[in-house]
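Trainee:
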Amino acid sequence: MKNLFDVAGHTTLAGAELLSDRPPAASDSWAVRQLHSAGALLSGMLNMDAYAYGFTTENSHYGATRNPHDLSRIAGGSSGGSAAAVAAGLVHFSLGSDTNGSIRVPASLCGIFGLKPTFGRLSRSGSHPFVASLDHIGPFARRVADLAAVYDALQGRDPADDFQADKASERTGNLLERGLEGLRCARLGGYFTTWCDDDARGAVDRVAHALSADSELQFADAALARSAAFIISASEGGNQYLTDLRHSPERFEPHSRERLLAGAMIPSAWYLQAQRFRRHARQAMKSLFSQADVLIAPATPCSATPIGAEEMVINGQPLPVRASMGMLTQPISFLGLPVVTVPLRTASGKPIGLQLIAAPFNEQACLRAARALEAMGITDARVAESAA
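Numbers 1 to 388, taken from the UniProt record's numbering, label the letters of the sequence shown in order.
This is the structure:
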């Protein structure tokens, strides 16, 4: 699992050298306890972007996580180690966290399934926080049945987590074979088709055809939602580490230090306005779910970029990889919606993932759609040949 979940007797590093001198965790996190109770065995703690702030898992202190399908390319982040371990066949499933796309981006680039549940659905107690307003936890797997089984095991009410929704557990594994029965599927257009390459658009076309998604809907505020998510993330993340930034800046991961400093200086009025806009955007999205149960969108603008690459070109514009690989996931996690990332392949054989997005607490809908695609042979979550 990602090394931001407490495991008794081990130091929770969250990818940061800054945290290496903290004492070992006194007890297991909620997620670890739930999985132990279900019979799972912990295999190890996995690399990540420092503080969970990044989309590439190029960690200056602990090294870059390489993509098992092409060792010269990124695994995505910030849960890159978790995705790479599953893609390499080292484990059947793993755990990650997702604030702005940190499950969905590495799932896309590593060619596996990933689930970001509804915000507040699963307890985060015992996991190192990044942005309390946006943090989610969730699983990776190569099979939808495994993804659902882990999600079901993680459910349950935890009184220690004040952010958790007061919702009863709703099992999903027994619903997977219902397939597409009663599900209305549609594409997300506009922003989500503009900011991706032809490979991602082609993947959307294949999935839309398989799911009979003939209509295209618009989330008009997607770009604003991404901007607001950035403001909230930078502000909360920067202020969490402000004391250490002032006294020990040299101990911070260079890729994150300046972003955290800038975030700590964001005016409080910007932060409050971003939170107000979040409520507005959630209301706007409700109208889309009156027209469709599952929305289809790319998970990443393109397939995995080379390790060390600073830029990628999307829609004719050079964009910074570390900030922009999650530009299609940020608007969705900003709204707290449940999403399953499903893996496909480009014409050249590289993994590329799509988001199947549902209304709050309707995880079963996106899991059923993912299982239907898996049964049709549309998805491709094979173990990487370099690891086979």
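Ideal Cβ positions, reconstructed from N, Cα and C, are used throughout, including at glycine.
Note that the coordinates shown come from a computational prediction; the quantities given were computed from them, not determined experimentally.
Apart from the five residues on each side of it in sequence, which residues of its chain come closer than 7 Å, Cβ to Cβ, to S102?
Mentor: Within the sequence shown, residue 102 is the residue found at index 102, counting from 1. Cβ within range, chain order: A52, G77, S78, S79, G96.
Trainee: Measuring only the C-alpha atoms, how far is T99 from F230?
Mentor: For the purposes of this step, residue 99 is taken as residue 99 along the sequence shown, with counting starting at 1. For the purposes of this step, residue 230 is taken as residue 230 along the sequence shown, with counting starting at 1. Rounded to the nearest angstrom, the two C-alpha atoms are 10 Å apart.
Trainee: Closer than 6 Å by C-beta to R171: which residues in its own chain qualify, once you throw out the five before and the five after it? Chain order, please.
Mentor: In the sequence shown, counting from the first residue as 1, residue 171 sits at position 171. Hits under 6 Å: D152.
Trainee: Would you decide whether residue 465 is buried or exposed? Buried here means 16 or more other CB atoms lie within 10 Å of its CB.
Mentor: Coverage of the chain is limited to positions 1 through 388, which leaves residue 465 absent and any answer about it impossible.
Trainee: Note down, in chain order, each residue of its chain lying with its Cβ closer than 8 Å to the Cβ of L147, except the 5 sequence neighbours on either side.
Mentor: Taking the sequence shown and counting its residues from 1, one reaches residue 147 at position 147. Closer than 8 Å at the Cβ level, and outside the excluded window around L147, lie F93, F113, G114, L115, P139, F140, A141, V340, L367, A370.
Trainee: For L288, which of helix, strand or coil comes out of DSSP?
Mentor: Here residue 288 refers to the residue found at position 288 of the sequence shown. Reduced to three states, the DSSP call for L288 is helix.
Trainee: In three-state DSSP terms, what is P254?
Mentor: For this step, residue 254 is matched to residue 254 along the sequence shown. Helix at P254.
Trainee: Apart from the five residues just before and just after R345, which ones in its own chain have a Cβ nearer than 6 Å to its Cβ?
Mentor: As a working mapping, residue 345 is identified with position 345 in the sequence shown. So the qualifying residues of the chain are D380.
Trainee: Over the uninterrupted beta strand (DSSP E) stretch that includes R187, give me the two end residues.
Mentor: Position 187 of the sequence shown, counted from the first residue, corresponds to residue 187. That run of the beta strand (DSSP E) goes 185 to 188.
Trainee: Where does the unbroken alpha helix (DSSP H) through F113 begin, and where does it stop?
Mentor: On the sequence shown, residue 113 is found 113 positions in, with the first residue counted as 1. Per DSSP, F113 belongs to no alpha helix (DSSP H); it is in the beta strand (DSSP E), 113 to 116.
Trainee: Report all residues from its chain with a CB closer than 6 Å to the CB of A372; omit the five preceding and five following residues, and keep chain order.
Mentor: Mapped onto the sequence shown, residue 372 falls at position 372. Excluding sequence neighbours, A372 sits near G179, L180.
Trainee: I'd like to check one pair, A149 with C110: are the Cβ atoms closer than 9 Å?
Mentor: For the purposes of this step, residue 110 is taken as residue 110 along the sequence shown, with counting starting at 1. For the purposes of this step, residue 149 is taken as residue 149 along the sequence shown, with counting starting at 1. No; because the gap between Cβ atoms is not below 9 Å, this pair is not in contact.
Trainee: Determine the closest residue to Q218 out of M285, I357, S303, with distance taken between C-alpha atoms.
Mentor: Locating residue 218 in the sequence shown gives position 218, where the first residue counts as 1. Among M285, I357, S303, the Cα nearest to that of Q218 is on M285.
Trainee: Can you give me the Cβ contacts of residue 422 inside the same chain, cut-off strictly under 7 Å, excluding the 5 residues immediately before and after it?
Mentor: Here the chain has residues from 1 to 388 only, and residue 422 is not among them.
Trainee: Classify D135: buried if its beta carbon has 16 or more other beta carbons within 10 angstroms, exposed otherwise.
Mentor: To locate residue 135, count along the sequence shown from 1; it is residue 135. Per the 10 Å Cβ criterion, buried.
Trainee: Ordered along the chain, which non-local residues of its own chain (more than five positions away) have a Cβ less than 7 Å from that of P24?
Mentor: Here the question's residue 24 lines up with position 24 in the sequence shown. Counting only Cβ-Cβ distances below 7 Å, and skipping sequence neighbours, we find G9, H10, T11.
Trainee: Would you mind listing the alpha helix (DSSP H) stretches within the region 2 to 49 that are 4+ residues and don't spill past its ends, in chain order?
Mentor: 30 to 37
Trainee: Rounded C-beta distance between A299 and A31? I'm assuming under 8 Å.
Mentor: Counted from its first residue, the sequence shown places residue 299 at position 299. Counted from its first residue, the sequence shown places residue 31 at position 31. That pair is no contact at about 23 Å.
Trainee: If the criterion is Cβ atoms closer than 9 Å, does the pair I137 and P159 meet it?
Mentor: Mapped onto the sequence shown, residue 137 falls at position 137. Mapped onto the sequence shown, residue 159 falls at position 159. No, Cβ-Cβ distance for I137 and P159 is not below 9 Å.
Trainee: Quick one: is S43 buried, meaning 16 or more other Cβ sit within 10 Å of its Cβ, or exposed?
Mentor: Along the sequence shown, read from residue 1 onward, the residue named residue 43 stands at position 43. Classification of S43: exposed, given that the 10 Å Cβ count is below 16.
Trainee: Pull the bridge partners of G138 from the DSSP assignment, please.
Mentor: Locating residue 138 in the sequence shown gives position 138, counting from the first residue. Partner(s): G96.
Trainee: Find out if the Cβ-Cβ distance for the pair R187, A359 is shorter than 9 Å.
Mentor: The residue you call residue 187 lines up with position 187 of the sequence shown. The residue you call residue 359 lines up with position 359 of the sequence shown. Not in contact: R187 and A359 (Cβ atoms no closer than 9 Å).
Trainee: Out of curiosity, what's the CA-to-CA distance linking S37 and S268?
Mentor: To locate residue 37, count along the sequence shown from 1; it is residue 37. To locate residue 268, count along the sequence shown from 1; it is residue 268. Computed Cα separation, rounded: 42 Å.
Trainee: Could you name the residues that DSSP lists as bridge partners for R345?
Mentor: The count along the sequence shown starts at 1 and reaches residue 345 at position 345. Beta-bridge pairing links R345 to P351.
Trainee: Helix, strand or coil for D199? Go by DSSP, reduced to three states.
Mentor: Taking the sequence shown and counting its residues from 1, the one referred to as residue 199 is at position 199. Note: D199 maps to helix in three-state DSSP.
Trainee: I'd like to know whether the C-beta atoms of Q164 and S123 end up nearer to each other than 9 Å.
Mentor: Working through the sequence shown from its first residue, we reach residue 164 at position 164. Working through the sequence shown from its first residue, we reach residue 123 at position 123. Yes, they are a contact pair.
Trainee: Evaluate contact between the region 56 to 64 and the region 245 to 257, counting only Cβ atoms and requiring at least three cross-stretch pairs below 8 Å.
Mentor: Because the criterion of three Cβ pairs below 8 Å is met, the region 56 to 64 and the region 245 to 257 touch.
Trainee: Could you check where the alpha helix (DSSP H) with P331 kicks off and where it finishes?
Mentor: Here residue 331 refers to the residue found at position 331 when the sequence shown is read from its first residue. Where P331 is concerned, the enclosing alpha helix (DSSP H) stretches over 330 to 335.
Trainee: What are the start and end residues of the alpha helix (DSSP H) that includes M376?
Mentor: As a position in the sequence shown, residue 376 is number 376, starting the count at 1. Per DSSP, M376 belongs to the alpha helix (DSSP H) from 363 to 376.
Trainee: In the DSSP assignment, find the unbroken beta strand (DSSP E) run with L319 in it and report its ends.
Mentor: Residue mapping note: residue 319 aligns to position 319 of the sequence shown, counting from 1. Where L319 is concerned, the enclosing beta strand (DSSP E) stretches over 317 to 320.
Trainee: Closer than 8 Å by C-beta to H280: which residues in its own chain qualify, once you throw out the five before and the five after it? Chain order, please.
Mentor: Counting from one through the sequence shown, the residue named residue 280 turns up at place 280. Take H280, set aside five residues on each side of it, and the residues of its chain with a beta-carbon closer than 8 Å to its own are D221, in chain order.
Trainee: Looking at S324: is its Cβ nearer than 9 Å to the Cβ of D199?
Mentor: Against the sequence shown, residue 324 aligns to sequence position 324. Against the sequence shown, residue 199 aligns to sequence position 199. No.
Trainee: Nearest to V294 by CA position, among R259, G326, V207, P351, is which residue?
Mentor: In the sequence shown, the residue the question calls residue 294 occupies position 294. In terms of CA proximity to V294, V207 leads the group R259, G326, V207, P351.
Trainee: Closest to E250 by CA distance: which of A16, L4, D6, F361 is it?
Mentor: Within the sequence shown, residue 250 is the residue found at index 250, counting from 1. The shortest C-alpha separation from E250 is found at A16.
Trainee: For a quick check, are the C-beta atoms of G258 and S133 less than 9 Å apart?
Mentor: Numbered from 1 along the sequence shown, position 258 holds the residue referred to as residue 258. Numbered from 1 along the sequence shown, position 133 holds the residue referred to as residue 133. The sequence given here places Glu at residue 258; Gly does not occur at that position. Taking 9 Å as the Cβ cut-off, E258 and S133 do not qualify as a contacting pair.
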